[in-house]
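Here is the structure we will look at, set down as structure tokens.
Residue numbers (the numbering used here): 17 to 177.
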């Protein structure tokens with residue numbers, strides 16, 4: 017079983033947060049496949065029990081290249097139903113649209129028929145994980161917890177398969 021950690025990162029902050037999330041996935045015994053938007057394939061989507069997607073804030077929504085992935089992979093939509101989806105974001109300012117960026121990603125996942133989750137109560141208990149600039153230790157810990165949550169839910173949903 018695998019979970020795809022998909023990200024777009026221009027300056028490296030979103031990638032770094034994605035790596036912390038992937039470590040959380042791996043800590044459960046589930047394989048994490050971490051890929052930037054430029055390298056992800058439809059097979060990565062289809063072979064994954066869950067997708068955790070992250071983007072920096074661009075005018076309060078996901079980066080255009082992340083949206084391109086969801087647009088181009090729309091043919092996989094019916095096959096993504098009931099897979100776990102979650103999101104994360106990075107931004108330059110503490111009020112700079114990270115939650116709306118996360119929601120723009122989750123909106124695509126809902127349209128794909130995915131089971132969307134936020135981060136666990138032991139993190140922030142909100143829409144997903146976010147950081148201002150490079151993730152600090154707390155953001156990385158919360159990212160780790162999000163990875164664990166998604167992987168554990170994937171295992172529960174796939175029992176007996």
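For every residue, glycine included, the Cβ atom is placed at its ideal position computed from N, Cα and C.
Secondary structure remark: continuous beta strand (DSSP E) runs of at least 3 residues inside the region 38-99, in chain order: 47-52 and 66-72. Within 10 angstroms of the beta-carbon of residue 20 lie 16 or more other beta-carbons, which makes it buried.
As the crow flies, the alpha-carbon of residue 144 is around 14 Å from that of residue 154. For the options 162, 59, 168 and 119, the alpha carbon positioned closest to that of residue 83 is the one of 119. The continuous beta strand (DSSP E) containing residue 148 extends over residues 145-148. Taking the CA atoms as reference points, residue 169 sits about 7 Å from residue 100. Annotation: the continuous beta strand (DSSP E) that includes residue 21 extends over 18-23. When the Cα atoms are used, residue 67 and residue 152 turn out to be separated by approximately 23 Å.
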